[in-house]
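Asker: Below is the structure I would like to discuss, written out as structure tokens.
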Amino acid sequence: MAGYDPNEAVTFWKRMAAQNKGGAPPEFLSTHPADATRIAAIQRETPEAMKYYKQ
115 MAGYDPNEAV
125 TFWKRMAAQN
135 KGGAPPEFLS
145 THPADATRIA
155 AIQRETPEAM
165 KYYKQ
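First residue of the sequence shown? That's 115 in my numbering, and the numbers climb one at a time after it.
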């Protein structure tokens, strides 16, 4: 792990999304996931990441 609390990743990406203000292209035209998709994926994977963070 990179040494940061995985729980904070959602907070970080929510701040990034707020700065974006909906100015991103549609996800199918982008090389990166949409903010909402990225946040949902992080939330889904956080329990697994916490296992490694706590070690």
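The beta carbon of each residue, even a glycine, is placed where N, CA and C say it ideally should be.
1. Going by C-alpha to C-alpha distance, which of N134, Q133 and A148 sits closest to P140?
2. Hey, how far is the Cα of E162 from the Cα of R152?
3. With distances taken between CB atoms, is the gap from N121 to T160 smaller than 8 Å?
4. For a test of the three-state rule: what should DSSP assign to A148, helix, strand or coil?
Answerer: Based on what the coordinates show:
1. Along the sequence shown, read from residue 1 onward, the residue named residue 140 stands at position 26. Cα-wise, what sits closest to P140 is A148.
2. Within the sequence shown, residue 162 is the residue found at index 48, counting from 1. Within the sequence shown, residue 152 is the residue found at index 38, counting from 1. Each residue's alpha carbon lies about 16 Å from the other.
3. Locating residue 121 in the sequence shown gives position 7, where the first residue counts as 1. Locating residue 160 in the sequence shown gives position 46, where the first residue counts as 1. Their beta carbons are under 8 Å apart, which means N121 touches T160 by this criterion.
4. Against the sequence shown, residue 148 aligns to sequence position 34. Coil.
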